[in-house]
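In our numbering, the protein residues as written are 1 to 164.
Structure record follows, encoded as structure tokens.
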């Protein structure tokens, strides 16, 4: 490699990494529900569940140099207070998004063995995040697969910090 090519390569990499960013949104946990899925194509049946007093939530998103979302961190004392999880802050990698008919994009990620999240984004706004905890797989009397879980909804998110 020539020296000029190496310098150009380093300058290009540093310019690309300048577009990578970290965005922090703060909001509130609006609801906690206990849900049941029965069968493969069924919709969840949810009922309201008690929610403690600690309802703050934070959603942190990291983008790569192209502006694609790469990772997420969701934190709230709500699921620790209710006993649904032992850790307040959970993080995971984001994969391909899917587009809803309502003109927003959603990303789903597995945060740990029992916890997953779905974050909904429209333009530069985070519309909300669903956090699913305590997944329990079982079978009903008809031998059909069932799943129970707790669902939190973090909403009213506003951007509080942006680092590029």
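Glycine included, every Cβ here is placed at the ideal spot set by N, Cα and C.
Since we're looking at a predicted model, the values are computed, not measured.
Looking only at its chain, what residues have a beta carbon closer than 6 Å to the beta carbon of residue 23, apart from the 5 residues adjacent to it on each side? Here residue 23 refers to the residue found at position 23 when the chain shown is read from its first residue. Hits under 6 Å: 61, 162.
Compare the beta carbon distance of residue 94 and residue 119 with 9 Å and say whether it is the shorter of the two. Your numbering for residue 94 matches position 94 in the chain shown. Your numbering for residue 119 matches position 119 in the chain shown. Going by C-beta atoms, residue 94 is nearer than 9 Å to residue 119.
Under the three-state DSSP convention, the category residue 2 falls into: In the chain shown, the residue the question calls residue 2 occupies position 2. Per-residue confidence for residue 2 stands at a pLDDT of 38, beneath the threshold of 50, marking its modelled position as unreliable; the derived number appears in the next sentence. Residue 2 falls in the coil class under three-state DSSP.
Quick one, are the C-beta atoms of residue 123 and residue 154 less than 9 Å apart? Counted from its first residue, the chain shown places residue 123 at position 123. Counted from its first residue, the chain shown places residue 154 at position 154. It is not a contact, given that the beta carbons lie outside the stated cut-off.
Inter-residue spacing [alpha-carbon to alpha-carbon] between residue 64 and residue 96: Translated into the one-based positions of the chain shown, residue 64 becomes position 64. Translated into the one-based positions of the chain shown, residue 96 becomes position 96. Cα to Cα, the separation comes out at about 14 Å.
Which of helix, strand or coil DSSP assigns to residue 141: In the chain shown, residue 141 corresponds to position 141, counting from 1. The answer is coil: DSSP assigns residue 141 none of H, G, I, E or B.
Residue 81 lies in the alpha helix (DSSP H); which residues open and close that run? Position 81 of the chain shown, counted from the first residue, corresponds to residue 81. Here the alpha helix (DSSP H) through residue 81 covers 78 to 81.
Entirely enclosed alpha helix (DSSP H) segments - the region 38 to 98, minimum 4 residues: 78 to 81
CB contact flag (residue 148, residue 34, <9 Å): On the chain shown, residue 148 is found 148 positions in, with the first residue counted as 1. On the chain shown, residue 34 is found 34 positions in, with the first residue counted as 1. Against a cut-off of 9 Å, the Cβ pair of residue 34 and residue 148 comes out as a contact.
For residue 103, collect the residues of the same chain with a Cβ closer than 8 Å to its Cβ; drop the 5 residues on either side in sequence, then sort them by chain order. Translated into the one-based positions of the chain shown, residue 103 becomes position 103. Closer than 8 Å at the Cβ level, and outside the excluded window around residue 103, lie 122.
Applying the 10 Å Cβ sphere with the 16-neighbour rule, what's the burial state of residue 32? Indexing the chain shown from 1 puts residue 32 at position 32. Its Cβ being crowded by 16 or more others within 10 Å, residue 32 is buried.
What separation, rounded to the nearest whole angstrom, lies between the Cα atoms of residue 170 and residue 113? The structure shown does not extend to residue 170, since the chain spans only 1 to 164, so no value can be given for it.
Going by other Cβ atoms of all chains shown within 10 Å of its Cβ, with 16 needed for buried, is residue 56 buried or exposed? One-based indexing of the chain shown puts residue 56 at position 56. It counts as exposed.
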